[in-house]
Ligand code: TRP
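This is the structure in structure tokens:
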């Protein structure tokens with residue numbers, strides 16, 4: 017929507033959209049569509065530096081994430097939902113930004129240090145990952161970037177890269193606007209182990225498309241207050257992750273009832289989890305239904321992504337034209353339109 021401030025958000029296609037992603041980020045993006053011109057990008061190029069990347073799964077995971085986002089309420093009529101690799105300018109701008117990004121800054125990134133620490137040979141992609149992120153954002157001259165705490169440092173680097181590019185090629189003006197973080201209420205969803213942040217790498221997740229039975233099977237062994245050794249021990253809801261999850265999925269009366277029944281040892285942990293499982297399944301049911309409909313229509317999903325890439329591509333081309341001009345490149349020749357109808361000369 018022209019006139020609204022623009023936000024850019026990147027989501028990695030790692031294979032499963034879980035309730036941690038949903039509560040922490042996706043639901044927020046759905047709300048932001050009302051007030052911002054939203055670009056939501058499935059960052060398949062970033063994903064190839066990650067631990068979950070498998071070529072055979074890559075396309076499927078990309079489409080599945082699109083389905084998950086659409087089913088969660090991303091509205092393709094309002095938001096631009098697209099796949100990063102479908103707009104080649106992301107990689108192109110990244111290369112240009114390489115020229116103004118200090119290696120020292122990249123090496124300081126916490127995520128880089130964590131991910132490279134145990135590697136004998138570090139792929140350059142792991143180091144350069146934040147430059148691609150900067151390119152994502154700058155390509156659309158986004159005003160704001162919704163970020164969780166784990167990405168704040170990367171956004172700060174993107175801002176630094178923007179300042180350096182503007183200083184080198186902007187002739188004193190902010191040709192590329194410095195993106196601002198849109199910090200949202202930090203929701204750190206703890207996984208079923210009751211310890212670490214919910215994440216696929218920890219195997220402590222519940223998928224937003226999990227069946228009611230699967231939800232129950234995962235919740236059943238989940239960690240609760242360790243002080244409750246037997247059913248008769250009074251529990252402490254304030255230290256129990258299951259109680260926290262109730263706050264997101266159960267109505268306030270139930271949350272209240274859970275607290276009372278836990279403290280008074282009126283319910284066992286399994287009783288409490290049973291109620292949570294039912295409420296979680298009920299909350300996620302409409303998303304599951306919409307996802308099932310979309311999964312039956314992969315052509316429709318691809319069409320939405322094609323429209324998204326078209327819209328995003330148009331903005332990206334404008335930015336690239338400016339960037340190329342400012343950096344002094346010879347104008348590219350106009351695309352050879354006629355050639356489209358020419359048959360390939362050598363067949364297989
Ligand atoms: N690195 C982000 C993450 O892992 C994903 C991402 C890629 C992103 N490009 C972005 C987020 C641009 C915000 C803006 O979550």
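Numbering (my numbering), first residue to last: 17 to 364.
Note that the Cβ used here is the ideal one computed from N, Cα and C, for glycine as well.
None of these values were measured; they are calculated from a predicted model.
Legend entry - Contact belief for residue 310 with residue 83 at Cβ below 8 angstroms, rounded distance in angstroms: Translated into the one-based positions of the chain shown, residue 310 becomes position 294. Translated into the one-based positions of the chain shown, residue 83 becomes position 67. Sure, about 5 angstroms apart at Cβ, within 8 angstroms.
Inset, instruction - With a floor of 3 residues, list each beta strand (DSSP E) that falls wholly inside the stretch 73-129, ordered by position along the chain. - result: 96-99
Inset, instruction - On the DSSP bridge assignment, give the partners of residue 57 in chain order. - result: Position 41 of the chain shown, counted from the start, is the residue given in the question as residue 57. Answer is 26 and 98.
Inset, instruction - Return the bridge partner residues of residue 160 from the DSSP annotation. - result: Mapped onto the chain shown, residue 160 falls at position 144. According to DSSP, which records beta bridges pairwise, residue 160 is partnered with 23 and 196.
Inset, instruction - Taking 8 angstroms as the threshold, find out whether the stretch 86-106 comes into contact with the stretch 329-345 through three or more Cβ pairs. - result: yes
Inset, instruction - Starting from the Cα of residue 152, find the closest Cα among 125, 119, 189 and 112 and give me that residue. - result: Position 136 of the chain shown, counted from the first residue, corresponds to residue 152. Selected option, being the one with the closest Cα: 112.
Inset, instruction - Report all residues from its chain with a CB closer than 7 angstroms to the CB of residue 197; omit the five preceding and five following residues, and keep chain order. - result: Start at 1 with the first residue of the chain shown, and residue 197 comes out as number 181. Cβ within range, chain order: 161, 163, 168 and 171.
Legend entry - Start and end residues, alpha helix (DSSP H) containing residue 291: Residue numbering aside, residue 291 sits at position 275 when the chain shown is read from its first letter. It spans 285-311 - the alpha helix (DSSP H) in which residue 291 sits, taken as one unbroken run.
Inset, instruction - Compute the distance between the beta-carbons of residue 343 and residue 156, then report whether it is under 8 angstroms. - result: On the chain shown, position 327 is the one that residue 343 refers to. On the chain shown, position 140 is the one that residue 156 refers to. Against a cut-off of 8 angstroms, the Cβ pair of residue 156 and residue 343 comes out as no contact.
Legend entry - Coarse secondary structure for residue 206, derived from DSSP in three states: Within the chain shown, numbered from 1, the residue matching residue 206 stands at position 190. Strand at residue 206.
Legend entry - Stretch pair the stretch 43-50 + the stretch 283-299: three plus CB contacts closer than 8 angstroms: no
Inset, instruction - Determine, using beta-carbon pairs with one atom in the stretch 226-235 and one in the stretch 270-279, whether at least three such pairs fall under 8 angstroms. - result: no
Legend entry - Supposed close pair residue 40, residue 239 - CB separation, criterion 8 angstroms: If you number the chain shown from 1, residue 40 lands on position 24. If you number the chain shown from 1, residue 239 lands on position 223. The pair is not a contact, with the Cβ atoms about 19 angstroms apart (cut-off 8 angstroms).
Legend entry - As assigned by DSSP and simplified to three states, the class of residue 263: Looking up residue 263 in the chain shown gives position 247. It is helical.
Inset, instruction - Can you tell me which of 94, 62, 133 and 80 puts its alpha carbon nearest to the alpha carbon of residue 107? - result: Here residue 107 corresponds to residue number 91 of the chain shown, with the count starting at 1. Comparing Cα positions, the closest option is 62.
Legend entry - Nearest candidate by alpha-carbon position, reference residue 392, set 125, 339, 318 and 19: Examination of residue 392 is not possible in this model, given that the chain is present from 17 through 364 alone.
Inset, instruction - Output the boundary residues of the alpha helix (DSSP H) element that contains residue 249. - result: The residue you call residue 249 lines up with position 233 of the chain shown. Element bounds for residue 249: n/a, residue is neither H nor E.
Legend entry - Under the three-state DSSP convention, the category residue 34 falls into: For the purposes of this step, residue 34 is taken as residue 18 along the chain shown, with counting starting at 1. In this structure, residue 34 counts as strand in the three-state DSSP scheme.
Legend entry - Contacting residues, own chain, Cβ-Cβ under 6 angstroms from residue 80 (five flanking each side not counted): Here the question's residue 80 lines up with position 64 in the chain shown. Answer for residue 80: no residue qualifies.
Inset, instruction - Using 10 angstroms around the beta-carbon of residue 255, count the other beta-carbons present and answer buried if the total reaches 16, otherwise exposed. - result: In the chain shown, residue 255 corresponds to position 239, counting from 1. Exposed, since its Cβ has fewer than 16 Cβ neighbours within 10 Å.
Inset, instruction - Assign residue 104 to buried or exposed, taking buried as 16 or more other Cβ atoms, counted over all protein chains shown, within 10 Å of its Cβ. - result: Locating residue 104 in the chain shown gives position 88, counting from the first residue. Result: exposed.
Legend entry - Same chain only: Cβ atoms within 6 angstroms of residue 253, ignoring 5 sequence neighbours per side: Position 237 of the chain shown holds residue 253. Hits under 6 angstroms: 259, 275 and 278.
Legend entry - Beta-carbon proximity of residue 159 to residue 22, cut-off 8 angstroms: Here residue 159 refers to the residue found at position 143 of the chain shown. Here residue 22 refers to the residue found at position 6 of the chain shown. In contact: residue 159 and residue 22 (Cβ atoms closer than 8 angstroms).
Inset, instruction - Give a yes or no on whether the C-beta atoms belonging to residue 212 and residue 195 are separated by under 8 angstroms. - result: Locating residue 212 in the chain shown gives position 196, counting from the first residue. Locating residue 195 in the chain shown gives position 179, counting from the first residue. In this structure, residue 195 does not lie closer than 8 angstroms to residue 212 by Cβ.
Inset, instruction - Using beta-carbon positions only, say whether residue 216 and residue 30 come within less than 8 angstroms of one another. - result: Along the chain shown, read from residue 1 onward, the residue named residue 216 stands at position 200. Along the chain shown, read from residue 1 onward, the residue named residue 30 stands at position 14. Their beta carbons are under 8 angstroms apart, which means residue 216 touches residue 30 by this criterion.
Inset, instruction - Select from 220, 147 and 335 the residue whose C-alpha is nearest the C-alpha of residue 119. - result: To locate residue 119, count along the chain shown from 1; it is residue 103. When only C-alpha atoms are compared, the closest one is 147.
Legend entry - Cut-off 6 angstroms between Cβ atoms - residues of its own chain near residue 251, not counting five sequence neighbours on either side: As a working mapping, residue 251 is identified with position 235 in the chain shown. Excluding residues within five positions, the ones whose Cβ falls inside 6 angstroms are 241, 244 and 278.
Inset, instruction - Identify which residue in 28, 58 and 92 has its Cα closest to the Cα of residue 319. - result: In the chain shown, residue 319 corresponds to position 303, counting from 1. Cα-wise, what sits closest to residue 319 is 92.
Inset, instruction - Evaluate residue 109 with the Cβ neighbour count: other Cβ atoms within 10 Å of its Cβ, from every protein chain shown; 16 or more gives buried, anything less gives exposed. - result: Walking along the chain shown from the start, residue 109 turns up at place 93. So residue 109 ends up on the buried side.
Legend entry - Euclidean distance between Cα positions of residue 201 and residue 341: On the chain shown, position 185 is the one that residue 201 refers to. On the chain shown, position 325 is the one that residue 341 refers to. The straight-line gap from Cα to Cα measures roughly 40 angstroms.
Inset, instruction - Note down the Cα distance separating residue 334 from residue 210, rounded to an integer number of angstroms. - result: Here residue 334 corresponds to residue number 318 of the chain shown, with the count starting at 1. Here residue 210 corresponds to residue number 194 of the chain shown, with the count starting at 1. Answer to the nearest angstrom: the Cα atoms are 48 angstroms apart.
Legend entry - Assigned secondary structure, residue 223 (DSSP; H/G/I helix, E/B strand, else coil): Position 207 of the chain shown, counted from the first residue, corresponds to residue 223. Residue 223: strand per DSSP, three-state reduction.
Legend entry - Limits of the unbroken alpha helix (DSSP H) element including residue 234: Locating residue 234 in the chain shown gives position 218, where the first residue counts as 1. Segment 228-235, the alpha helix (DSSP H) holding residue 234.
Inset, instruction - Would you check if the distance between the CB atom of residue 128 and the CB atom of residue 135 is smaller than 8 angstroms? - result: Sequence index remark: in the chain shown, residue 128 carries index 112 (1-based). Sequence index remark: in the chain shown, residue 135 carries index 119 (1-based). No. Outside cutoff.
Legend entry - Top-ranked residue by Cα proximity to residue 299, from 88, 233, 53 and 67: In the chain shown, residue 299 corresponds to position 283, counting from 1. Looking at the Cα atoms, 88 is the closest of the given residues.
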